[in-house]
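The sequence shown begins at 17 in this note's numbering and counts up one residue at a time. Each residue gets a CB set at the ideal place from its N, CA and C atoms; glycine is no exception.
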Amino acid sequence: MGRVGPVCRGRIQWTPHPVSNPEEYEEKRKEFGVDVVVYSPGQFKLTQIPNAEKRVHYMWALNEYLVERFADPENQNFAKLLAIPEHPKESARIIEEYGDEPGVAGIFMIDVGPQYPLGHQQYEPMYEAAENQDLPIFLHSGSGLYPAFPTRDLNVETFMEYHTLTHPMAKMWHATSIIARGIPERYDIDWCFLEAGVSWIQFLRTRMDREYIERPSDAPEMNKLPSEYLSDFYYGLQPLEEQPRKPEDLQTIIEMNDLEDQLVLATDYPHMDFDAPASVFDHEGLTTEQKRKIAQDNPRELLNL
17 MGRVGPVCRG RIQWTPHPVS NPEEYEEKRK EFGVDVVVYS PGQFKLTQIP
67 NAEKRVHYMW ALNEYLVERF ADPENQNFAK LLAIPEHPKE SARIIEEYGD
117 EPGVAGIFMI DVGPQYPLGH QQYEPMYEAA ENQDLPIFLH SGSGLYPAFP
167 TRDLNVETFM EYHTLTHPMA KMWHATSIIA RGIPERYDID WCFLEAGVSW
217 IQFLRTRMDR EYIERPSDAP EMNKLPSEYL SDFYYGLQPL EEQPRKPEDL
267 QTIIEMNDLE DQLVLATDYP HMDFDAPASV FDHEGLTTEQ KRKIAQDNPR
317 ELLNL
């Protein structure tokens, strides 16, 4: 895989545009040095449609569009299906309908705003379908899509405040629920947490291990420490915590949380804060072997490519 200079790293220097089909991304794919593309769907504010029946129809239409336009394995283009947690049974039907289509590589959920955390029993039809189709589940936060946790009642004044809190808070909420309520013990599913970076993992491991040791009866289905489940999950590196952090800080996070085989390259392109592959290839805190795992081996294992 190739590299691209800092000017295309994202942040302020780059103004990307939406990607409506693989052809629109082809030039940028070559510039980034990306061989295989796995597209994540935006949910286009489907959850703001007040009529539930219409919302479900749009969800079906969007998934049909994703499969027809983006799932093209012959050209190394893959797609994730969109599942909306508020409609677990319909989402499960979509997973069963399209899950074995060529080029479908996973299931994508916006994790900001569901009424209940994702360990709740109402979501289990989706998990059963995901297990049946052998598809991983990707959790990705979205801004301004839900009038619910953790976007409601934060009373922030700036986007900086909001964006700092929303992604890691949602991830910790769901990961705690998924682990404590025994979802990994009941369903053989790979989970991948996107767009929250990785620094939150250490806090949750330490905190939840202590709580579990003190109150194991609160989580009777768990067969190991919460930290061990967290080390089984996958994590997208984006957004990389950079300045003023030292490059070697990332190495410390990897070692403390046993993440050598769990980190994957995730660009978040075309968002304004995306990380191009250079963010991994040029990272001074990663070994050559770790860069290869993050960019190739770990994603291949997660996505069954």
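(1) Can you give me the C-alpha to C-alpha distance between E300 and Q138, rounded to a whole angstrom?
(2) Spatial neighbours of L318 within its chain, please: C-beta separation below 7 Å, excluding the five flanking residues on both sides.
(3) Look at L210 and A121 and say whether their C-beta atoms are less than 7 Å apart.
(4) Note down the Cα distance separating E201 from I310, rounded to an integer number of angstroms.
(5) Using the beta-carbon count (16 or more within 10 Å), is L98 buried or exposed?
(6) Nearest to K61 by CA position, among R226, L78, V50, V53, is which residue?
(7) Which residues in the same chain have their Cβ closer than 6 Å to the Cβ of E112, if we skip the five residues on either side of it in sequence?
(8) Can you tell me whether F249 is helix, strand or coil according to DSSP?
(9) Could you spell out the range, first to last residue, of the alpha helix (DSSP H) harbouring L324?
(10) My assumption, with CB atoms under 8 Å, is that S243 sits in contact with R261. Please give the rounded CB distance.
(11) Identify, in the order they occur along the chain, each residue of the same chain with its Cβ nearer than 7 Å to the Cβ of H190, setting aside the five sequence neighbours on each side.
(12) Any contact of the segment 79-98 with the segment 36-55, i.e. 3+ C-beta pairs under 8 Å?
(13) Who are the Cβ neighbours of V172 in its own chain at under 7 Å, not counting the five residues just before and after it?
(14) At the level of alpha carbons, what is the spacing between R45 and D51?
(15) Round the Cβ separation of E147 and D204 to the nearest angstrom and send it over; I've been treating them as touching at under 8 Å.
(16) My output table needs one value for A95: the three-state DSSP class, helix, strand or coil.
(17) When we look at the beta-carbon of R231 and count the other beta-carbons within 10 Å, is it buried (16 or more) or exposed?
(18) By DSSP, does M272 sit in helix, in strand, or in coil?
(19) Identify the residues that DSSP records as bridge partners of M238: which are they?
(20) If you draw a straight line from the alpha carbon of M142 to that of E69, how long is it in whole angstroms?
(21) Run through DSSP, which three-state label would L170 get?
(22) Report the partner residues of V120 according to the DSSP bridge assignment.
(23) Please report the residue range of the beta strand (DSSP E) in which L210 lies.
(24) Using the C-alpha atoms, what's the distance from V72 back to E130?
(25) Determine the contact status of I217 and N273, defining contact as a CB-CB distance below 7 Å.
(26) Return the Cβ separation of D88 and N320 in integer angstroms, given the expectation that the two are a contact with Cβ distance under 8 Å.
Walking through what the data contain:
(1) 44 Å
(2) P152, D206, C208, Y250, V280
(3) no
(4) 26 Å
(5) buried
(6) L78
(7) A145
(8) coil
(9) An answer regarding residue 324 cannot be provided, because it is not within the stretch 17 to 321 covered by the chain.
(10) About 22 Å separates the two Cβ atoms, so there is no contact after all.
(11) D127, P133, L134, L155
(12) yes
(13) Y178
(14) 8 Å
(15) 6 Å
(16) strand
(17) exposed
(18) helix
(19) According to DSSP, M238 bridges with nothing at all.
(20) 18 Å
(21) coil
(22) A95
(23) 207-210
(24) Reading off the sequence, residue 130 comes out as Pro, not Glu. C-alpha separation (whole angstroms): 16 Å.
(25) yes
(26) Wrong, their Cβ atoms sit about 17 Å apart, outside the cutoff.
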